[in-house]
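When you line the sequence shown up against our numbering, it's residues 2 to 207, in that order.
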Amino acid sequence: MIRIILVDDHPLVREGIRGMLAADPDIEVVGEASNGPDGVELARRLRPDLVLMDLRMPGGDGVSATHAITREGTARVVVLTTYETDQDILTAIEAGASGYLLKDIEPGALARAVHAAAHGETVLATTAQTALLSRVQRPASSPTLSAQELAVLNHAAQGKTNAAIGTSLHISETTVKTYLSRAFEKLGVSDRTSAVRRAIELGLIN
Numbered sequence: 002m003i004r005i006i007l008v009d010d011h012p013l014v015r016e017g018i019r020g021m022l023a024a025d026p027d028i029e030v031v032g033e034a035s036n037g038p039d040g041v042e043l044a045r046r047l048r049p050d051l052v053l054m055d056l057r058m059p060g061g062d063g064v065s066a067t068h069a070i071t072r073e074g075t076a077r078v079v080v081l082t083t084y085e086t087d088q089d090i091l092t093a094i095e096a097g098a099s100g101y102l103l104k105d106i107e108p109g110a111l112a113r114a115v116h117a118a119a120h121g122e123t124v125l126a127t128t129a130q131t132a133l134l135s136r137v138q139r140p141a142s143s144p145t146l147s148a149q150e151l152a153v154l155n156h157a158a159q160g161k162t163n164a165a166i167g168t169s170l171h172i173s174e175t176t177v178k179t180y181l182s183r184a185f186e187k188l189g190v191s192d193r194t195s196a197v198r199r200a201i202e203l204g205l206i207n
């Protein structure tokens with residue numbers, strides 16, 4: 002039996018995913034959460050085989066939750082979302098996700114992906130495969146930023162203060178400054194504005 006947790010802020014979406022998986026007797030949904038932090042706590046408590054994780058949720062994003070769950074080894078994580086930009090995909094994979102699927106997936110395909118991911122395989126929508134191939138083909142001179150550094154830069158690009166970024170990502174303001182400092186060094190810049198501009202030029206963030 003594959004035990005999974007659903008993390009999505011829309012109850013109707015969670016109900017729909019449950020329905021899609023109900024026909025498979027080897028899959029059991031053992032818990033649901035409506036945001037990233039609650040998903041992390043639920044994974045710690047229930048120790049499922051797999052977490053199906055949305056990306057953007059009020060109260061805590063899926064990238065930070067994915068990183069926490071995979072770092073602790075409490076479960077494998079597959080992102081299931083409507084967002085399909087290259088940066089969303091790459092950030093999720095770098096955070097430790099074992100797969101990236103879109104919510105328009107057919108029920109049978111979702112069940113097969115759950116089985117594959119639970120058995121250690123990587124499951125990717127076509128869009129995600131293309132994004133990863135693009136990353137592999139990117140010139141070696143392009144800097145590689147961590148998922149956390151990219152997440153902080155994405156929020157900085159929205160004009161948020163360090164304190165606001167920390168609140169959004171559930172990390173301290175000091176940690177935000179550390180990630181920004183590392184990003185500055187990798188990008189060869191000395192301030193936030195230059196870092197954001199350079200990251201956008203390189204296609205690291207949107």
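Just so it is clear, CB atoms sit at the ideal spot from N, CA and C, and this is done for glycine as well.
The model shown is predicted, which means the values in this text are computed figures rather than measured ones.
{"Asked": "Which residues in the same chain have their Cβ closer than 8 Å to the Cβ of V153, if we skip the five residues on either side of it in sequence?", "Found": "I166, L170, V177, Y180, L181 and A184"}
{"Asked": "Which whole runs of the beta strand (DSSP E) in the segment 2 to 76 are 3 residues long or more, in chain order?", "Found": "3 to 8, 28 to 34 and 51 to 54"}
{"Asked": "Can you list, in chain order, the residues of its chain with a C-beta nearer than 7 Å to that of T75? Leave out the 5 residues immediately preceding and following it.", "Found": "A44, R45 and R48"}
{"Asked": "If we call anything under 7 Å between Cβ atoms a contact, is R210 one with D50?", "Found": "Since the first residue shown for the chain is 2 and the last is 207, residue 210 is missing from the structure and cannot be characterised."}
{"Asked": "Is R72 buried or exposed, if buried means 16 or more other CB atoms sit within 10 Å of its CB?", "Found": "exposed"}
{"Asked": "For the putative contact between S147 and E95, defined by C-beta atoms under 8 Å, what is the C-beta separation to the nearest angstrom?", "Found": "7 Å"}
{"Asked": "What residue range is occupied by the uninterrupted beta strand (DSSP E) comprising Y180?", "Found": "Run containing Y180: none in the beta strand (DSSP E); it sits in the alpha helix (DSSP H), E174 to L188."}
{"Asked": "By the DSSP assignment, the beta strand (DSSP E) with L102 in it spans what residues?", "Found": "G100 to L103"}
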